[in-house]
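Read the structure below first, then the notes.
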Amino acid sequence: MKVGPVRSSAKTVDEYLAEIEPDKRAVVSEVRDVVNENLPAGYEETMEYGIISWSVPIERFSDTYNSRPLMYAALAAQKRYVSLYLMCTYSSEEKRRRFEERLRASGSKAGLGKSCVTFKTIDDLPLDLVTETIASTEVDEFVADYEAATARRRGDSDD
């Protein structure tokens with residue numbers, strides 16, 4: 002029996018999904034559909050770091066610390082759970098706090114990892130919160146949030 006990859010060498014999302022055990026594939030596919038149905042225009046679905054990723058295309062914004070597309074969200078089948086990375090919730094302390102409070106208040110079985118939500122089944126994940134979160138940030142706002150956070154870390158903000 003396959004245990005889903007933590008990091009895949011798949012070049013396409015379809016290849017990645019084919020590598021995952023059937024139970025996890027169903028969960029990942031459903032969450033992927035939710036993300037794709039609610040993703041603001043301008044983000045691009047790709048494989049980055051061996052996982053499904055939705056990013057700002059490098060042609061649109063190239064000033065990233067690692068010269069890779071600026072990741073907005075990502076989805077990965079892990080050994081014991083699935084992880085949904087929501088970078089848009091970590092672009093400001095207020096967004097992070099609000100998201101985490103709402104996740105806890107939802108009563109879901111989803112856990113909080115480092116920059117991600119972890120869950121085993123689709124029923125563990127509050128899809129209404131995921132839908133709202135994915136749809137919440139247009140590309141230009143996400144890039145501006147990233148640039149502001151980068152400036153704060155460097156100490157060269159206008160504050």
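Start counting at 1 in the sequence shown, then tack on 1, and there's your number in our numbering.
Each residue gets a CB set at the ideal place from its N, CA and C atoms; glycine is no exception.
Whole-angstrom distance between residue j and residue i, CA atom to CA atom
| i | j | result |
| --- | --- | --- |
| S10 | Y91 | 27 Å |
| E20 | T13 | 11 Å |
| V140 | I59 | 12 Å |
| A145 | C117 | 21 Å |
| Y44 | T132 | 15 Å |
| A150 | S93 | 7 Å |
| A27 | E102 | 28 Å |
| R97 | T134 | 11 Å |
| G112 | I123 | 13 Å |
| E46 | G156 | 32 Å |
| N39 | E148 | 24 Å |
| L18 | K121 | 16 Å |
| F143 | V57 | 9 Å |
Beta-carbon gap between residue i and residue j smaller than 8 Å
| i | j | result |
| --- | --- | --- |
| L85 | L71 | no |
| L87 | A74 | yes |
| W55 | V36 | yes |
| T138 | P41 | yes |
Supposed close pair residue i, residue j - CB separation, criterion 8 Å
| i | j | result |
| --- | --- | --- |
| G51 | R8 | 3 Å |
Next item on the list: Would you check if the region 60-71 and the region 107-117 touch, i.e. whether three or more CB-CB distances between them fall below 8 Å?
Entry: Touching, no, given that fewer than three Cβ pairs across the two stretches are closer than 8 Å.
Check: What beta strand (DSSP E) runs, 3 residues minimum, are completely inside the region 44-76?
Finding: Listed in chain order, the complete beta strand (DSSP E) runs (minimum 3 residues) inside the region 44-76 are 45-49 and 52-57.
Notebook entry, point to check: Would you call the region 24-43 and the region 118-129 touching, i.e. three or more CB-CB distances under 8 Å?
Noted result: At 8 Å Cβ cutoff, the stretches touch.
Notebook entry, point to check: Along the chain, which unbroken stretches of the beta strand (DSSP E) at least 3 residues long are found entirely within the region 75-114?
Noted result: Counting only runs of 3 or more, we get 83-87 and 112-114.
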